[in-house]
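Colleague:
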Amino acid sequence: MKKGIATVAQLDTFDEFIDARSPAEFEEDHIPGAISCPVLDNEQRAIVGTIYKQQSAFEARRIGAAMVAENIARHLRERFQDKPKDWRPLVYCWRGGQRSGSFVTWLRLIGWDACQLEGGYKNWRRMVVTELETLPQRFDLRVLCGATGSGKTRVLEQLAALGAQVLDLEDLAAHKGSVLGALPDRPQPTQKSFETRLYQKLHGFDPARPVFVEAESRKIGRIHLPEGLIAHMRASACVAIEAARDARIEFLVRDYDYLGRDVPDLQNRIEFLRGLQSNEVLERWKELARQRDLHTLYGEFIDLHYDPLYHRSQNRNFARFPEAPSFACDDLTPAGIRELAQRILAAQA
């Protein structure tokens, strides 16, 4: 390998990752742990790109070089003054081209053993996509099944607290996975960022121990699950939670308490069900939302929407669901969920 160039396989040998791309590119996705030190900010990148297209490559390089030099100087002054002589950073841009190359040149002139990532972020992204095709199959998944309101995500949290390996896809996707699932304080990540988080999470698991995961459809909000993962989940062993209806309603009222505070938002989410429920039902649900009668509303959600959908999908989508051990539960308070998680974990031993 050429001096000053490193491959994706060598990431673990570096002290720090420096992302030289624009802030917008960094926000969309980046190598885990990387810091953003753009050599061109969003506006500058747009300016240089326009000059390249409308004038010439030379003019774009001439104007862009001054911007790059100024930005690199600022990063050196503000971010790296305290780094020791043996500090070894890896710098990357989109394809391992001029942006990261310029940065590495200055770092190496100072005396640091800086390297440029061969192929840049594009190679990292290609590796993540390829790995996710087969990586999930290395693990013994145990899929938690149960109708909406059964507290599956909270059970996963308790299983993790008890020391089990847990893959919480809804947490990674920042969405609860149902028509009510958008979170009020967490926007969903980009698809690329979700897949990077998933790749990182899977790499932290021990293949010798089971991994608990919640049954999901192909999409969580606007996030698509990789085909390799969804196929493996649907072929894996299942665990069925059979929670009482009243307990589920009480759980939903607590877990979605924020919906009752924003009636227009709740009514808007009910609109997502148009075409799946009659206009009469949707208008009744909107009125229940206006009245903040969440117990009645969520009870009708369960009876008319969620449970019929659940009963149609489980046997069809999860091949081993019919043989799943069943865990009855009539208490979905935090204490009841903790006890349920203990029973599930004990049965897997």
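Going by this note's numbering, 245 is the number at position 224 of the sequence shown; the sequence numbering is gapless. For glycine and all other residues, C-beta sits at the position ideal for the given N, C-alpha and C.
(1) What residues match up with residue 258 in a beta bridge as DSSP calls it?
(2) Is the distance from the Cβ of residue 244 to the Cβ of residue 181 below 8 Å?
(3) Under the rule that 16 or more other beta-carbon atoms within 10 Å means buried, what is residue 363, buried or exposed?
(4) Which residues in the same chain as residue 280 place their Cβ atom closer than 6 Å to its Cβ, once the five residues preceding and following it in sequence are excluded?
(5) Give me the DSSP bridge partner(s) of residue 379.
(6) Please list the segments of the beta strand (DSSP E) lying wholly inside the segment 241-297, counting only runs of 3 or more residues, in order along the chain.
(7) Leaving aside the five residues before and after residue 200 along the sequence, list all residues of the same chain whose C-beta is less than 7 Å from its C-beta, in chain order.
(8) With respect to the alpha helix (DSSP H) encompassing residue 65, which residues constitute its N-terminal and C-terminal limits?
(9) Within 10 angstroms of its Cβ, does residue 224 collect 16 or more other Cβ (buried), or is it exposed?
(10) Go through the segment 306-345 residue by residue and report every complete run of the beta strand (DSSP E) that reaches 3 residues or more, in order.
(11) So the candidates are 227, 314, 217; which of them puts its Cα closest to the Cα of residue 150?
(12) So, are the CB atoms of residue 73 and residue 169 less than 8 Å apart?
(13) Which two residues bound the contiguous beta strand (DSSP E) that contains residue 187?
(14) Any idea what DSSP makes of residue 101, helix, strand or coil?
(15) With a threshold of 8 Å on Cβ separation, who are the neighbours of residue 154 within its own chain once the five nearest residues in sequence on each side are excluded?
(16) What is the rounded straight-line gap between the Cα of residue 265 and the Cα of residue 320?
(17) Which of the three DSSP states is assigned to residue 56 in this structure?
(18) Leaving out five residues on either side along the sequence, give the residues of the same chain with a beta carbon under 6 Å from the beta carbon of residue 299.
(19) Please report the Cβ distance between residue 128 and residue 105, rounded to the nearest whole angstrom; I am assuming they are in contact, meaning their Cβ atoms lie under 8 Å.
(20) How many angstroms separate the CA atom of residue 284 from the CA atom of residue 310?
(21) By DSSP, does residue 347 sit in helix, in strand, or in coil?
(22) Hey, residue 152 and residue 198: beta-carbon distance below 8 Å or not?
(23) Helix, strand or coil: how does DSSP classify residue 219 here?
(24) Kindly identify the DSSP beta-bridge partner or partners of residue 200.
(25) Skipping 5 residues on each side, what residues in its chain have a beta carbon closer than 6 Å to that of residue 189?
(26) I'd like to confirm the pairing. Which residues does DSSP put opposite residue 91 in its beta bridges?
(27) For residue 228, I'd like the list of residues in its chain whose CB is within less than 7 Å of its CB, leaving aside the five on either flank, ordered along the chain.
(28) Are the beta-carbon atoms belonging to residue 125 and residue 136 less than 8 Å from one another?
(29) Taking all protein chains shown into account, decide if residue 130 is buried (16 or more other Cβ within 10 angstroms of its Cβ) or exposed.
(30) Just reading off the alpha helix (DSSP H) that residue 29 is part of, what are its end residues?
(31) Distance, Cα to Cα, residue 323 vs residue 45?
(32) Can you tell me which residues form a DSSP beta bridge with residue 79?
(33) Here's the rule: buried if 16 or more other CB atoms are within 10 angstroms of the residue's CB, otherwise exposed. What is residue 191?
(34) Using a Cβ-Cβ cut-off of 6 Å (strictly less than) and excluding sequence neighbours within five positions of residue 156, which residues of its own chain qualify?
(35) Could you give the DSSP three-state label for residue 154: helix, strand or coil?
(36) Within this structure, are the beta carbons of residue 174 and residue 99 separated by less than 8 Å?
Modeller: In terms of the structure at hand:
(1) The residue given as residue 258 occupies position 237 in the sequence shown. Looking at the DSSP assignment, residue 258 forms a beta bridge with 163.
(2) Counting from one through the sequence shown, the residue named residue 244 turns up at place 223. Counting from one through the sequence shown, the residue named residue 181 turns up at place 160. Result no, Cβ atoms of residue 244 and residue 181 do not sit closer than 8 Å.
(3) Start at 1 with the first residue of the sequence shown, and residue 363 comes out as number 342. Result: exposed.
(4) For the purposes of this step, residue 280 is taken as the residue at position 259 of the sequence shown. Closer than 6 Å at the Cβ level, and outside the excluded window around residue 280, lie 287.
(5) For residue 379 there is no data in the structure shown, the boundaries of the chain being 22 and 370.
(6) 258-264
(7) The residue you call residue 200 lines up with position 179 of the sequence shown. Hits under 7 Å: 290, 293, 294.
(8) As a first step, residue 65 must be located in the sequence shown, where it is residue number 44. Taken as a continuous stretch (DSSP letters only), the alpha helix (DSSP H) holding residue 65 covers 63-75.
(9) Along the sequence shown, one-based indexing puts residue 224 at 203. With fewer than 16 Cβ atoms within 10 Å of its Cβ, residue 224 is classed as exposed.
(10) none
(11) What you label residue 150 is simply residue 129 of the sequence shown in a count that begins at 1. Of the listed residues, the one whose Cα sits closest to residue 150 is 217.
(12) The residue given as residue 73 occupies position 52 in the sequence shown. The residue given as residue 169 occupies position 148 in the sequence shown. Their beta carbons are not under 8 Å apart, which means residue 73 does not touch residue 169 by this criterion.
(13) Counted from its first residue, the sequence shown places residue 187 at position 166. Start and end: 186-188.
(14) Position 80 of the sequence shown holds residue 101. Looking at residue 101 - three-state DSSP - the assignment turns out to be coil, as it is neither helix nor strand.
(15) Along the sequence shown, read from residue 1 onward, the residue named residue 154 stands at position 133. Same-chain partners within the cutoff: 247, 248, 249.
(16) Here residue 265 refers to the residue found at position 244 of the sequence shown. Here residue 320 refers to the residue found at position 299 of the sequence shown. Distance between the alpha carbons of residue 265 and residue 320: 12 Å.
(17) Translated into positions along the sequence shown, residue 56 becomes position 35. Three-state DSSP puts residue 56 in a strand.
(18) Mapped onto the sequence shown, residue 299 falls at position 278. Taking C-beta separations shorter than 6 Å and ignoring five residues to either side along the sequence, residue 299 has no partners in its chain.
(19) Position 107 of the sequence shown, counted from the start, is the residue given in the question as residue 128. Position 84 of the sequence shown, counted from the start, is the residue given in the question as residue 105. That pair is no contact at about 13 Å.
(20) Sequence index remark: in the sequence shown, residue 284 carries index 263 (1-based). Sequence index remark: in the sequence shown, residue 310 carries index 289 (1-based). Looking at the two C-alpha atoms, the distance is approximately 6 Å.
(21) Taking the first residue of the sequence shown as position 1, residue 347 is located at position 326. Note: residue 347 maps to strand in three-state DSSP.
(22) As a first step, residue 152 must be located in the sequence shown, where it is residue number 131. As a first step, residue 198 must be located in the sequence shown, where it is residue number 177. In this structure, residue 198 does not lie closer than 8 Å to residue 152 by Cβ.
(23) As a first step, residue 219 must be located in the sequence shown, where it is residue number 198. Note: residue 219 maps to helix in three-state DSSP.
(24) Here residue 200 refers to the residue found at position 179 of the sequence shown. According to DSSP, residue 200 bridges with nothing at all.
(25) On the sequence shown, residue 189 is found 168 positions in, with the first residue counted as 1. Around residue 189: 177.
(26) Residue mapping note: residue 91 aligns to position 70 of the sequence shown, counting from 1. Paired residues: none, contrary to the question.
(27) Looking up residue 228 in the sequence shown gives position 207. These residues qualify, in order along the chain: 159, 160.
(28) As a working mapping, residue 125 is identified with position 104 in the sequence shown. As a working mapping, residue 136 is identified with position 115 in the sequence shown. If you check the CB distance, residue 125 and residue 136 come in under 8 Å.
(29) Walking along the sequence shown from the start, residue 130 turns up at place 109. With fewer than 16 Cβ atoms within 10 Å of its Cβ, residue 130 is classed as exposed.
(30) As a first step, residue 29 must be located in the sequence shown, where it is residue number 8. It is not in any alpha helix (DSSP H) - residue 29 carries neither H nor E in the DSSP assignment.
(31) Taking the first residue of the sequence shown as 1, we reach residue 323 at position 302. Taking the first residue of the sequence shown as 1, we reach residue 45 at position 24. C-alpha separation (whole angstroms): 41 Å.
(32) Translated into positions along the sequence shown, residue 79 becomes position 58. Bridge partners of residue 79: none, in fact.
(33) By 1-based counting over the sequence shown, the position of residue 191 is 170. Classification for residue 191: buried.
(34) In the sequence shown, residue 156 corresponds to position 135, counting from 1. 223, listed in sequence order.
(35) Mapped onto the sequence shown, residue 154 falls at position 133. Residue state, collapsed to three classes: helix.
(36) Taking the first residue of the sequence shown as position 1, residue 174 is located at position 153. Taking the first residue of the sequence shown as position 1, residue 99 is located at position 78. Annotated as distal: residue 174 and residue 99, with beta-carbon spacing of 8 Å or more.
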